[in-house]
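Taking this note's numbering, the leading residue of the sequence shown gets -12, the next gets one more, and so forth. Structure record follows, encoded as structure tokens.
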Amino acid sequence: MPLSLPRKDLFHLPEGVIYLDGNSLGPLPNTAIARAESVMRDEWGNELIRAWNSADWMAMPEKVGNQIAPLIGAPHGSVVTGDTLSIKVFQSLTIAVGLRPERRVILSDTTNFPSDLYMADGLIRLLGKGYELRTVPPEDIPGAITEEVAAVLLTHVNYRTGAMFDMARVTAKAHAAGAVMIWDLAHSTGAVPVDLAGCTADLAVGCTYKFLNGGPGSPGFIYARPDLIETIQPALAGWLGHAAPFAMEPTYHPAASIERLRIGTPAIIQLAILEEALKIWADIDMQELRASSVRLSELFLKEVAARCPQLNLASPADPALRGSQVCFAFEHGYEVMQALIAEGVIGDYRTPDIMRFGITPLYLADDDILQAVDILSEIMGTERWREPQFAVRARVT
């Protein structure tokens, strides 16, 4: 039976805090501390290097990838974890251009997460040979997928506004033009239903510290369509992607499985915490979670529209077109967000004027939403955000 929502008891949530920032960093699962302690004390501490075999550390990147796979509509053996999301973006782009060597355009949208664009630009500068990063507004993406395009790199749910692409439609358009389709699932995994296999996406990448609650710095993941795996020749050919890492051969021979997309030594303690966090999802129905997310989001939007008319909705009004976050534009959004945080309502801010609120039904209920809007309405009505301390810019917003 699926877990009923919300399940606040599964998380360490500080008293007096309404947490609306799970789209940036998920909260600590209650069982994660004991798991990390066990890995450090019993595995690393007692087993030392033997733990690579006795605790099966070597298998963890694919084992944890198989826990993620059902959440993104991917088959067993098609997802592997490790490294960071930015590295996985770079890795997926090198794969894609290698699959279409006669083409020279990487297509993305102008509102994509900057790191994805930086990775694409860095690869192009490295390759030379006339490669081009072409960006267009998100609404123009379908028309921009031409036969010049080697790879289409898009973030499924936009980090700034929560706007969501139609994955099946865009993927079909990319394939019709002969392009390789790459999806960044950073704001989708654990937030909205995803069906990579159903839409036959070629590659996908994501992070695990947002809605999956894997902790700060938890590893990224990469998906490859199963029929492509054995055709991929990794440019980032790390030793743990080798068919026989401990043969220590001078020539790289990629593993026959998704393990060929491993690069370096995995972060075992972080992987163990993530593995523990992912146990929660074994009993979660993604369709139920999505329905709860939409209902809570609509409640939030309705209350904010009625009580905070100064704020302009920056997310799509239609819930079918957005992920599990709602965003508002306000000239002094940074100051308002700092005032909210001071009152225990934690969201975040993205330049130039966007206030973001993650809607996570695993640990949010109607009363949390209503109390958050009560506090927001009071701050806006009294203009308490004008107090000088709220204008001080921190390094992380």
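Glycine is no exception: its CB is placed at the ideal position from the N, C-alpha and C atoms. Treat the numbers as computed from the prediction; the structure is a model and nothing was measured.
Spatially closest choice to residue i from the options, by CA coordinates
i, options, result
"I362", "P57, L86, I328, A138", "I328"
"A23", "I260, F317, K266, P339", "I260"
"Q220", "I250, G9, L199", "I250"
"K50", "G331, I356, S280, S244", "S244"
"F(-2)", "T97, N10, L15", "L15"
"E126", "Y105, T98, G9", "T98"
"I216", "I82, H319, D108, M324", "I82"
"M324", "S364, D355, E290", "S364"
"L357", "I5, T158, A326", "I5"
"E322", "R371, Y239, A21", "R371"
"D353", "P232, T187, E290, N145", "E290"
"G204", "A304, A231, I74, P232", "I74"
"E(-6)", "T338, N299, I267", "As written in the sequence, residue -6 is Arg, which differs from the Glu given in the question. The candidate whose alpha carbon is nearest that of R(-6) is I267."
"A178", "P339, G64, L0, G310", "G310"
"A222", "P232, A293, Y239, A21", "Y239"
"V66", "A293, A231, K116, A188", "A188"
Cut-off 8 Å between Cβ atoms - residues of its own chain near residue i, not counting five sequence neighbours on either side
i, result
"P180", "G60, M273, Q274, R277"
"P306", "V281, S284, E285"
"A164", "I132, T133, E134, V136"
"L72", "S102, D171, A173, V192, G193, C194, G207"
"I111", "I93, Y118, E119, L120"
"G225", "R249, I250, G251"
With 16 other Cβ atoms within 10 Å as the buried cut-off, status of residue i
i, result
"Q297", "exposed"
"G52", "buried"
"P253", "buried"
"A166", "buried"
"D171", "buried"
"L(-8)", "buried"
"H229", "buried"
"A161", "buried"
"A264", "buried"
"M(-12)", "With a pLDDT of 49 at M(-12), under the threshold of 50, the modelled position of this residue cannot be trusted; read the value that follows with caution. When all chains shown are included, M(-12) counts as exposed."
"G334", "buried"
"E246", "buried"
"F317", "buried"
"T158", "buried"
"R380", "exposed"
"G200", "In the sequence as presented, Gly is not what sits at residue 200; that position holds Asn. The residue is buried, with at least 16 neighbouring Cβ atoms inside 10 Å."
"D270", "exposed"
"P48", "buried"
"A21", "exposed"
C-beta contact flag for residue i and residue j at 8 Å
i, j, result
"I346", "Q312", "yes"
"G202", "A359", "no"
"T218", "F198", "no"
"D103", "P206", "no"
"L283", "P348", "yes"
"F152", "M106", "no"
"R121", "L94", "yes"
"E374", "Q54", "no"
"P88", "A184", "no"
"G331", "G3", "yes"
"C186", "A155", "yes"
Alpha carbon of residue i to alpha carbon of residue j, nearest angstrom
i, j, result
"R382", "Y336", "12 Å"
"L308", "H143", "11 Å"
"G13", "T384", "16 Å"
"L351", "T369", "26 Å"
"G85", "A137", "9 Å"
"M367", "T68", "43 Å"
"M235", "I36", "18 Å"
"M45", "I255", "9 Å"
"N17", "D(-4)", "8 Å"
"L248", "P213", "12 Å"
"R28", "Q257", "15 Å"
"A326", "L7", "14 Å"
"R90", "L114", "13 Å"
"W39", "H319", "51 Å"
"N145", "P237", "42 Å"
"D355", "T338", "26 Å"
"A304", "P124", "19 Å"
"F233", "G64", "22 Å"
"A242", "P1", "45 Å"
"V26", "A56", "24 Å"
Contact set for residue i: own chain, Cβ-Cβ below 7 Å, skip 5 residues either direction
i, result
"A42", "E30, E34"
"S79", "I169, L190, V192, I209"
"G9", "K197, F198, G345, T347"
"L92", "A quick correction: the sequence has Val, not Leu, at residue 92. E119, R121, E135, V136, A137."
"C295", "L363, S364, M367"
"A211", "S65, L190, I219, I245, L248"
Proximity test, residue i beta-carbon vs the ligand MG heavy atom, cut-off 7 Å
i, result
"G204", "The ligand MG is absent from the structure shown, which contains no ligands of any kind."
Beta-carbon proximity list for residue i, same chain, < 6 Å, skipping 5 on both sides
i, result
"C314", "T148, G149, A301, S302, I341, R343"
"D182", "G60"
"S11", "D335"
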